[in-house]
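Enquirer: There's a structure below that I have some questions on.
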Ligand code: HSE
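Residue numbers (our numbering): 36 to 435.
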């Protein structure tokens, strides 16, 4: 019998409890052993819920119980999750988590502690919710030189952009609706400003290259400036707009960005709609592989945590290696990244635009009183320099 403790009985924690209960016989058959939840830690009481019988309020009960070999940290946030995780690992208990904030900030250090104490720190659920992406990166793709990772890593913003596209609505109206339906948080800043996606691409990049990425090195632009007018132009181009989290290795340099991109139907990520997430990885040998599914939600995220629990249970007493060194991975300034740009500007003659930007594809009559154009390929720095010569630029979206 493998005994597990769950820290935090919120959405994901209660989901882990549910997955382990509902699928317990099937899991036992596959494992040749049973998994039992011995404790759930939460400050609250849950009268009438079966969890009440195993509810504890003091982390010491779990840490000091040698029977507990696996801890699911589903509390979220940095503190006290960090201290509890550290203590669990130091006492030789493996920890499985969905906590992306903790993984992004302390993953490297916690992995070292796990290694030193012959236990594991696994975090499949921290990126892409229920999508298997961490395990493929550390096992199936370990032989690949990863050339690029492009992800739709945030369900809230993908839902908002999809609704703007299909219903022609303004950003604020869709956000309000998303909040009413519970798809967007009451304080949606981390999602709409791109910070959530930034943490996730930071974790994926660290794992892809085995070195530590500081998420603050990643240029991050959210979707708050995207308007229904941008979608009119995108439609004219036969394209859509997606918030991409990208990490690219080119000429031995690494670039990373989170920003809205104009995306054509040829890109497999074009078809990812609503709250779904997907990650497209390009390896130098196997080429492209894509991973798709629910990026959030109780059971999807909990299912990924339980996959890690089973992995730890099957390897009790062993450390499951995740390569993530504390050496810093240098992310090059985005200035050197080369791409095309879609620009909206107040009504301006094409010759005047081309005198600065070179040849452009014009969209003159999509929105009254303005024009839009797509540039040829140029560096981000060149774009900034040219755009600085105009005082009437309304918006810019990168082209994938
Ligand atoms: N706020 C996140 C999203 C939840 O919308 O994708 C999952 O990390």
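Cβ coordinates follow ideal geometry from the N, Cα and C atoms, glycine included.
With distances taken from each beta carbon to the nearest heavy atom of the ligand HSE, which residues come in below 6 Å, in chain order?
Expert: 164, 189, 190, 191, 226, 231, 330 and 331
Enquirer: Taking just the CA atoms, how far does residue 383 sit from residue 245?
Expert: Across the structure, residue 245 and residue 383 are spaced so that their CA atoms are roughly 48 Å apart.
Enquirer: Closest by CA to residue 197, which one among 183, 158, 252 and 212?
Expert: 212
Enquirer: Can you give me the C-alpha to C-alpha distance between residue 158 and residue 271, rounded to a whole angstrom?
Expert: 41 Å
Enquirer: Out of curiosity, what's the CA-to-CA distance linking residue 310 and residue 93?
Expert: 36 Å
Enquirer: Exposed or buried, which one is residue 441 when buried takes at least 16 other CB atoms within 10 Å?
Expert: A query on residue 441 cannot be resolved here, the shown segment of the chain reaching from 36 to 435 and no further.
Enquirer: Measure the Cβ-Cβ separation of residue 344 and residue 97 and say whether it is below 8 Å.
Expert: no
Enquirer: Compare the Cα-Cα distances from residue 89 to each of 39, 341, 138 and 203 and report the closest residue.
Expert: Just measuring C-alpha positions, the residue of 39, 341, 138 and 203 sitting nearest residue 89 is 39.
Enquirer: Enumerate, from N- to C-terminal direction, the unbroken alpha helix (DSSP H) stretches of 4 or more residues contained entirely within the segment 67–132.
Expert: 94–98 and 116–125
Enquirer: Is it true that the CB of residue 318 sits closer than 8 Å to the CB of residue 188?
Expert: no
Enquirer: Decide yes or no for the touch test of the segment 59–67 against the segment 120–130: beta carbon pairs closer than 8 Å, at least 3 of them.
Expert: no
Enquirer: Check the DSSP bridge columns for residue 405 and list the partner residues they point to.
Expert: 381
Enquirer: Do residue 252 and residue 366 have their CB atoms nearer than 8 Å?
Expert: yes
Enquirer: Beta-carbon within less than 8 Å of residue 391's beta-carbon, same chain only, minus the 5 sequence neighbours each way: which residues are those?
Expert: 421, 424 and 425
Enquirer: Rounded to whole angstroms, what's the CA-CA distance from residue 208 to residue 191? Just pull it up for me.
Expert: 14 Å
Enquirer: Could you name the residues of the same chain whose beta carbon sits closer than 6 Å to that of residue 308, not counting the 5 residues immediately before and after it, in chain order?
Expert: 197
Enquirer: Compare the Cα-Cα distances from residue 436 to each of 186, 80 and 61 and report the closest residue.
Expert: Lying outside 36 to 435, the shown extent of the chain, residue 436 is not represented and no answer is given.
Enquirer: To the nearest whole angstrom, what separates the beta carbons of residue 95 and residue 43, a pair I think is in contact under 8 Å?
Expert: The beta-carbon distance between residue 95 and residue 43, rounded to whole angstroms, is 16 Å. This is too long to meet the 8 Å contact definition.
Enquirer: Quick one: residues in its chain with C-beta nearer than 6 Å to the C-beta of residue 221, no 5 flanking neighbours on either side, listed in chain order?
Expert: none
Enquirer: Once DSSP output is grouped into helix, strand and coil, what is the label at residue 325?
Expert: In the three-state DSSP reduction, residue 325 falls in the strand class (E or B).
Enquirer: Per DSSP, what are the beta-bridge partners of residue 395 in this structure?
Expert: Per DSSP, 410.
Enquirer: Quick one: Cα of residue 291 to Cα of residue 434, how far?
Expert: 15 Å
Enquirer: Tell me which same chain residues have a C-beta within less than 6 Å of the C-beta of residue 358, skipping the five on either side of it?
Expert: Cβ neighbours of residue 358 within its own chain (closer than 6 Å, five residues either side excluded): 245.
Enquirer: What are the uninterrupted segments assigned as alpha helix (DSSP H) that are 4 or more residues long and contained completely in the segment 233–287, given in chain order?
Expert: You should have 263–271.
Enquirer: Does residue 333 come out as helix, strand or coil in the three-state DSSP assignment?
Expert: helix
Enquirer: Out of curiosity, what's the CA-to-CA distance linking residue 168 and residue 411?
Expert: 34 Å
Enquirer: Can you list, in chain order, the stretches of the beta strand (DSSP E) that have 3 or more residues and sit fully within the segment 119–199?
Expert: Correct list: 129–132 and 181–187.
Enquirer: When the Cα atoms are used, what is the spatial distance from residue 161 to residue 170?
Expert: 12 Å
Enquirer: Look at the alpha carbon of residue 100 and the alpha carbon of residue 174, and state the distance between them as a whole number of angstroms.
Expert: 32 Å
Enquirer: How is residue 430 classed by DSSP in three states: helix, strand or coil?
Expert: strand
Enquirer: Which of the three DSSP states, helix, strand or coil, is assigned to residue 353?
Expert: coil
Enquirer: Where residue 375 and residue 298 are concerned, what is the direct C-alpha to C-alpha distance, given to the nearest angstrom?
Expert: 12 Å
Enquirer: Is the CB-CB distance between residue 46 and residue 165 below 8 Å?
Expert: no
Enquirer: Just verifying my parser: in three-state terms, what is the DSSP assignment at residue 421?
Expert: Note: residue 421 maps to helix in three-state DSSP.
Enquirer: Let me know the secondary structure DSSP gives residue 65 once reduced to three states.
Expert: helix
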